[in-house]
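2 protein chains.
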Amino acid sequence: MLINQLAHRTGVSTRALRHYDGLGLLSSRRLGNGYRDFAESAVEEVRRIRLLLDIGLGLQAVAQVLPCFDQDGALTACPTARERLRGQIRDLDSSIAELQRTRGLLAGALDDLVDI
Amino acid sequence: MLINQLAHRTGVSTRALRHYDGLGLLSSRRLGNGYRDFAESAVEEVRRIRLLLDIGLGLQAVAQVLPCFDQDGALTACPTARERLRGQIRDLDSSIAELQRTRGLLAGALDDLVDI
DNA sequence: GTAAGGTTTGACATGGGTGTCAAGGTCAAG
DNA sequence: CTTGACCTTGACACCCATGTCAAACCTTAC
Numbered sequence: 001m002l003i004n005q006l007a008h009r010t011g012v013s014t015r016a017l018r019h020y021d022g023l024g025l026l027s028s029r030r031l032g033n034g035y036r037d038f039a040e041s042a043v044e045e046v047r048r049i050r051l052l053l054d055i056g057l058g059l060q061a062v063a064q065v066l067p068c069f070d071q072d073g074a075l076t077a078c079p080t081a082r083e084r085l086r087g088q089i090r091d092l093d094s095s096i097a098e099l100q101r102t103r104g105l106l107a108g109a110l111d112d113l114v115d116i
Numbered sequence: 117m118l119i120n121q122l123a124h125r126t127g128v129s130t131r132a133l134r135h136y137d138g139l140g141l142l143s144s145r146r147l148g149n150g151y152r153d154f155a156e157s158a159v160e161e162v163r164r165i166r167l168l169l170d171i172g173l174g175l176q177a178v179a180q181v182l183p184c185f186d187q188d189g190a191l192t193a194c195p196t197a198r199e200r201l202r203g204q205i206r207d208l209d210s211s212i213a214e215l216q217r218t219r220g221l222l223a224g225a226l227d228d229l230v231d232i
C-alpha cells in the first residue's frame, strides 16, 4: 500500500512513516516509480513502534527491540530485549508512582484531596 | 544565602537557579558585590517550581501560578490558577491511565501479565 | 602577589521526533 | 497539454529547560 493509505490506517503522519522507514523499521519495498510500497504487516509494525515510543524508548532503541517481536506480537526470544523491556516497565512503574505522588501533592495544595 | 548553597539544599543546579531567578521566580536580592543573596524562603519556592514543572507546566506558566501559593503552600486564592491546576490534574490522570494501559500492553507482549 | 574558589553575564549546544516548506518526479483524468 | 493529487528527497525550525564554556570580577588564604 502507498504511504498515504498507511498513514490513514495508523493515524501516523506521512512524515513520521518516512522517518521510520528511513530507519528500516517498516516492511516496504519500492515500486518502479520509486514510491514506497508497504506490506500489510506494516500496519502492525507501526503499532508496535508507537507502543515502544510510548514507553519511553527512542527510535534507535526501537530499532533494536522491534525485530524481537514474533508474528503474534509476543516477545518470546531475544533475552536481551526482554530484559531491556522489563527494565522499561520498571521505569514506567516508577514514573506512574511519581506522577501519582506529584498529583497528591498538587491536589493537597488545592485543598482538594479527593477527586477533581 | 549564596547560589551554591541553595543549589546544595535543593538539589537543583546553579544554572537552573539562575534561570529561575532571571525569570523573577525566586526571592533574592543582590549583595554589594553583585552576588545573589537568596532568602530562606527560596528553598520552598524552588520546591514549588519543581513541583509545577513536574506536572507538565512550563516556566512561563509556573511564573503565573507561583504567586498564588500562600505561605503554607496552599492555593487558596487565584481562581484562574486553581482552575488551571485542576485541568493539569486531569491531564495528569489521563497520563497515568495511558501509562498504565501501555504498561499492560507491554507486559502482555512479554507474557508477564503479573508483576515484574 | 597570586592562587583558588566562589560568583557574574552571555552565548551557544543539545535532544529528537515531528512540522513544514521547497523543488521536483509520476500518473490518471479532463 | 494541463490540472491536480500523490509521491520523492533534503533541509530547516521547533520546543525549552538545562549543560557547558568563556571572560571576567570578588574574596580569602597563603
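Chains A and B supply the protein sequences, listed in that same order.
Here this note's numbering is used: position 41 in the first sequence is 41, and no number is missing along the way.
Converting from the second sequence to this note's numbering requires adding 116 to each position, the first position being numbered 1.
Beta carbons: idealized from backbone N, C-alpha and C, even for Gly.
Please list the partners that residue i has in chain A, where partner means a Cβ-to-Cβ separation under 8 Å.
i                 : result
Ser-211 (chain B) : Leu-99
Leu-221 (chain B) : Leu-51
Leu-208 (chain B) : Leu-99, Thr-102, Arg-103, Leu-106
What does residue i touch in chain B if you count any residue whose Cβ is under 7 Å from its own?
i                : result
Gly-73 (chain A) : Ala-225
Ile-89 (chain A) : Arg-219, Leu-222, Ala-223, Ile-232
Who are the Cβ neighbours of residue i in its own chain at under 6 Å, not counting the five residues just before and after it?
i                 : result
Ala-81 (chain A)  : Val-65, Cys-68
Cys-194 (chain B) : Cys-184
Val-46 (chain A)  : Thr-10, Val-12
Leu-222 (chain B) : none
Ala-155 (chain B) : Ser-143
Ile-116 (chain A) : Its pLDDT being 47, under 50, Ile-116 (chain A) is placed unreliably by the model, and nothing is read from it.
Asp-170 (chain B) : none
Gly-87 (chain A)  : none
Let me know the secondary structure DSSP gives residue i once reduced to three states.
i                 : result
Ile-232 (chain B) : Interpretation of Ile-232 (chain B) is limited by its pLDDT of 47, a score under 50 that renders its predicted location unreliable; the figure taken from the coordinates is listed afterwards. Three-state result, Ile-232 (chain B): coil.
Ser-28 (chain A)  : strand
Asp-227 (chain B) : coil
Asp-130 (chain A) : There is simply no residue 130 (chain A) to check, as chain A begins at 1 and stops at 116 in what is shown.
Arg-131 (chain B) : helix
Spatial neighbours of residue i within its chain, please: CB distance less than 7 Å, with the 5 preceding and 5 following residues excluded, ordered by chain position.
i                 : result
Asp-21 (chain A)  : Ser-28, Arg-36
Asn-120 (chain B) : Thr-130
Ala-7 (chain A)   : Ser-13, Thr-14, Leu-17
Gln-60 (chain A)  : none
Could you tell me which of the options sits nearest to residue i, measuring between CA atoms?
i                 : options                                    : result
Leu-201 (chain B) : A:Ile-89, A:Gln-88, A:Thr-102, A:Asp-93    : A:Thr-102
Ile-89 (chain A)  : A:Leu-57, A:Asp-111, A:Gly-108, A:Leu-110  : A:Leu-57
Gly-32 (chain A)  : A:Ser-94, A:Leu-2, A:Arg-48, A:Glu-40      : A:Leu-2
Ala-225 (chain B) : A:Asp-93, A:Gly-73, A:Ala-42               : A:Gly-73
Gly-220 (chain B) : A:Asn-4, A:Ala-97, A:Leu-99, A:Leu-92      : A:Leu-92
Leu-215 (chain B) : A:Asp-70, A:Leu-59, A:Glu-83, A:Leu-52     : A:Leu-52
Thr-76 (chain A)  : B:Asp-227, B:Arg-146, B:Gly-150, B:His-135 : B:Asp-227
His-19 (chain A)  : A:Ser-41, A:Ala-97, A:Ile-49               : A:Ile-49
Ala-42 (chain A)  : A:Ala-61, A:Gly-34, A:Gln-71               : A:Gln-71
Taking Cβ-Cβ distances shorter than 7 Å, what residues in chain A pair up with residue i?
i                 : result
Asp-170 (chain B) : Thr-102
Leu-201 (chain B) : Leu-106, Leu-110
Arg-198 (chain B) : Leu-110
Would you mind reading off the limits of the alpha helix (DSSP H) that contains residue i?
i                 : result
Ala-123 (chain B) : 119 to 126
Leu-169 (chain B) : 158 to 170
Ala-61 (chain A)  : 59 to 65
Ordered along the chain, which non-local residues of its own chain (more than five positions away) have a Cβ less than 8 Å from that of residue i?
i                 : result
Ala-179 (chain B) : Leu-139, Gly-140, Leu-141
Confirm the yes/no value for this check: CB of residue i, any heavy atom of the ligand HEM, distance under 7 Å.
i                 : result
Ser-143 (chain B) : Of the ligands one can find in the structure shown there are none, so the ligand HEM has no counterpart to examine.
Can you pull the chain B residues whose beta carbon is under 8 Å from the beta carbon of residue i, in chain order?
i                : result
Arg-15 (chain A) : Those within 8 Å of Arg-15 (chain A) in chain B number zero; the least Cβ separation is about 23 Å.
What in chain A is Cβ-close to residue i, meaning under 9 Å?
i                 : result
Phe-185 (chain B) : Ala-109
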